[in-house]
Amino acid sequence: MEMFGRNPRLAVVDRIASDLSTCTGKLYRKDENGEEVEITDHPFLNFMAHPNPLYEMTSGACWRLQQIYLELKGEGYFVYEFDALGRPVELWPLPTHWVQQTPYVGYPYYEIRTTGGLIRQIPVDDIFCMKELNPLDPYKRGLGAAESLADEIETDEYAAKFQKKFFYNDATPTTLISMPGSSKDQRDRFRSEWNERFRGPFNSHGIATVDGNVTVTKLAENMRDMDMTEGRRFLRDAVLEHFGVPREIMGITESSNRATSEAAQYIYAQNVIMPRLNRREEAINTQILPFYGNDLVWHFDDVVPRSQEFDKAKGIDGWNAGLLTKDEARELLGMEPCKTGGDCFKITISDMFIGSNDDPAEVTTDLMQESTEEVEVTDDEDTGGMLSMSDRREHEEKSRVQNIGNLLAAAQKAQRAKFEVATMKFFRQQQKRLSGSLSGTEKADWSVWDVLMPYITENHVEDSAAWSALGEQEQKNLVEQFIGGLVNWPSEETAMEEIFKPLWKQTYDEGTRIAKQAYNIRGVDRPELLSQAKLHGGKRVRRVTQTTKENISRIVANGIEAGIGREKMADEILQEYEIQTRSRARLIADQETVMTLETGHYDMMQKSGATTKTWHHRPQKNPRDGSDGGPNHVKMDGETVPIDARFSNGLRYPCDPEGPARETIKCRCYVTYNR
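All letters in the sequence shown, in the order written, are residues 3 to 677 by my numbering.
Written out as structure tokens, the structure reads:
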């Protein structure tokens with residue numbers, strides 16, 4: 003212990019202890035599912051930040067001292083000071099050499115003797131203890147890593163003392179000159195003349211000659227002859243190797259470069275710091291945190307440095323290959339997470355983005371299947387040879403119309419896929435929230451069923467007789483209350499609208515781009531989708547929510563009348579939701595894509611000065627010819643009206659957001675413009 007403050011070879015202990023004292027961590031609480039949720043405000047965090055009231059006893063200083071004791075003697079202690087609730091509020095370091103006796107069976111106390119001679123017994127529950135077990139006898143005192151270096155450290159200490167005495171005064175002349183037969187006066191005169199000729203920096207290293215019989219004997223040994231310097235360097239390296247600390251960590255950079263320095267930091271953190279940090283974390287979780295609650299856990303932050311070049315390559319390659327989400331890739335690049343849209347993968351089909359919970363194989367397979375109602379894209383018809391001028395103009399106009407239709411069809415297909423993936427992700431997340439509300443097993447979780455409790459028997463089966471006694475309006479009101487408690491429906495609408503906003507903007511811009519490309523528009527600024535109200539997006543989102551609520555309402559009402567159990571009713575709700583999810587997602591994606599794309603197309607042509615517009619019915623398997631009692635868009639093919647006018651069906655363009663649902667849903671028509 004005394005050698006620590008005197009011998010530089012033990013500086014490695016201080017380096018390890020100091021680096022460990024600066025490590026930070028986070029406090030978490032485990033929920034009923036075993037998930038860990040971070041806590042940012044808790045008495046334990048205040049305790050860890052300020053464990054001692056003395057200014058010099060900071061958190062870092064206390065933990066540094068405790069680690070020094072561990073490295074030197076294999077034992078480190080703190081004494082708790084508790085508050086009125088029995089929780090630790092202060093830590094007081096207990097020097098290892100003060101501990102005279104450790105607890106044993108029948109004696110649950112630590113016996114300590116202070117430097118002033120005071121002897122006290124401290125209960126084992128009042129002591130925080132970490133110990134490096136001694137393999138010779140793990141039940142007795144600990145064994146510090148530095149103890150096995152006792153001989154090397156003492157050897158270095160003695161070498162240092164020898165050097166100190168050598169330079170201070172070793173009472174030994176460097177050279178002995180023998181002059182047989184000379185008198186004392188002759189020897190004194192020789193020494194005086196020698197000093198006069200060679201003493202001082204300007205006379206050193208000169209050449210001397212003498213007469214007579216003179217014998218010169220060299221007596222003193224220098225450090226090089228004794229190999230003292232190399233010996234101390236060997237001891238230094240031996241100590242560092244014993245602790246596993248690379249030389250660069252201690253500032254020894256004789257043969258180092260940037261690569262070896264970075265490798266040294268990694269080896270030091272991975273092999274030296276992290277094992278000790280994990281043992282300290284385990285001790286805190288088992289000895290201190292139980293005073294604050296059994297559901298708390300403490301984790302130190304990872305201190306192992308990362309290779310920036312490796313992380314950069316990993317992030318970019320992982321994102322491009324669809325193996326990492328956008329936020330995961332950004333984290334590897336040292337960037338902040340995206341505010342929206344960061345929890346998605348990139349896949350190779352049209353650079354689409356899917357949620358982290360979605361199955362890429364399932365999504366891509368569905369998108370590759372051609373719908374029976376998919377658009378037919380045809381090549382230009384063969385002209386069959388020479389055409390007259392009028393026929394040529396007619397053919398060019400027909401080709402122009404087909405090209406515009408093909409451009410719109412390709413854009414619709416790409417954007418429809420993105421809308422469908424986004425909608426499916428939302429529905430799956432909403433299904434999880436509904437399942438959590440419907441499937442509670444504790445009374446506190448049954449609040450969603452409370453409004454129906456009077457009509458449910460003790461065995462949790464619906465009482466159809468009591469339900470039938472209610473009026474139709476009362477039944478409807480109760481079902482609406484039940485549905486209103488399942489989830490926060492306004493928040494659901496907001497979440498869906500936030501998912502659609504970037505897709506609305508992207509699809510709208512694609513519509514304006516197609517218009518500029520198809521009609522060779524120059525010098526006209528592209529219109530911007532300044533407000534989602536232009537698309538009436540909020541209304542359509544509310545219709546989606548209303549459809550979900552109506553489906554649930556129907557199942558609940560029918561279930562109560564049939565007297566089925568609550569668990570079965572919950573299963574039916576979730577099962578039908580799952581069945582309808584895919585078809586609803588496709589319908590919504592199709593509607594949002596065509597509506598937004600045509601709106602951008604129309605706005606761009608209106609701004610560019612187009613005068614008229616012409617309706618075109620796209621060939622498809624089930625044409626909208628009115629045979630089923632629905633709208634007849636076939637007869638509208640070729641209908642031309644002024645740019646600001648409405649067509650005969652009341653729409654400004656196909657899937658006009660201001661039009662009725664019967665005219666817009668599943669509409670495959672498109673419009674061309676004349677300037």
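All C-beta atoms, glycine included, are put in the ideal place defined by N, C-alpha and C.
| Query | Result |
| --- | --- |
| Beta-carbon proximity check, S439 vs L576, cutoff 8 Å | no |
| Nearest-angstrom Cα separation, counted from L409 out to T262 | 57 Å |
| 6 Å Cβ shell around E600 - same chain, five flanking residues per side excluded | Y655, P656 and C657 |
| The segment 605-622 touching the segment 638-646, judged by at least three CB pairs closer than 8 Å | yes |
| 4 or more residues per run - each alpha helix (DSSP H) lying fully within the segment 476-556 | 491-520 |
| One or two residues paired with W100 in a DSSP bridge | Answer is none; W100 lacks a bridge partner. |
| Rounded straight-line distance, which links the Cα of E398 to that of R556 | 55 Å |
| Span separating the alpha-carbon of L298 from that of N287 | 8 Å |
| Beta-carbon proximity of L334 to K348, cut-off 8 Å | no |
| Where the alpha helix (DSSP H) through Q267 begins and ends | R260 to Y270 |
| Beta carbon of V14 nearer than 8 Å to that of V305 | no |
| DSSP three-state assignment for I179, whether helix, strand or coil | strand |
| Assigned exposure category for I121 - 16 Cβ within 10 Å defines buried | exposed |
| Three-state secondary structure assigned by DSSP to R66 | helix |
| Residues sharing a beta bridge with G27, DSSP | F302 |
| Three or more C-beta pairs below 8 Å linking the segment 26-43 and the segment 63-71 | no |
| Inter-residue CB distance, T425 and A587 (contact presumed, cutoff 8 Å) | 4 Å |
| Identified DSSP bridge partners for V39 | R31 |
| Reference C671; option with closest CA among K570, V558, I406 and W300 | I406 |
| Backbone secondary structure at H603 - three-state DSSP | helix |
| Residue span of the alpha helix (DSSP H) that contains P277, given as start and end | M276 to Q289 |
| For N490, the nearest candidate out of K503, P504, K507 and K551 (CA to CA) | K551 |
| DSSP bridge partner residues for N676 (one or two, in chain order) | T614 |
| Proximal residues to R89 (C-beta, below 7 Å), its chain only, five neighbours per side dropped | P45, F293 and Y294 |
| CA-to-CA distance, E92 to M59, given in whole angstroms | 10 Å |
| Collapsed DSSP secondary structure at N296 in the structure displayed | coil |
| Extent of the continuous alpha helix (DSSP H) run through T642 | Unbroken run through T642 is the beta strand (DSSP E), T642 to P644; no alpha helix (DSSP H). |
| Y57: first and last residue of the uninterrupted beta strand (DSSP E) it sits in | First-last for Y57: undefined, no H or E at that position. |
| Per DSSP, cross-strand counterpart(s) of P125 | Y111 |
| Chain-order list of residues whose beta-carbon lies under 7 Å from that of Y270 (same chain, five-residue window excluded) | V247, P248 and I251 |
| S180 beta carbon less than 8 Å from that of T217 | yes |
| Three-way DSSP call (helix, strand, coil) for D627 in this model | strand |
| DSSP-derived helix/strand/coil call for K133 | strand |
| Proximal residues to R282 (C-beta, below 6 Å), its chain only, five neighbours per side dropped | none |
| Which of helix, strand or coil DSSP assigns to T666 | helix |
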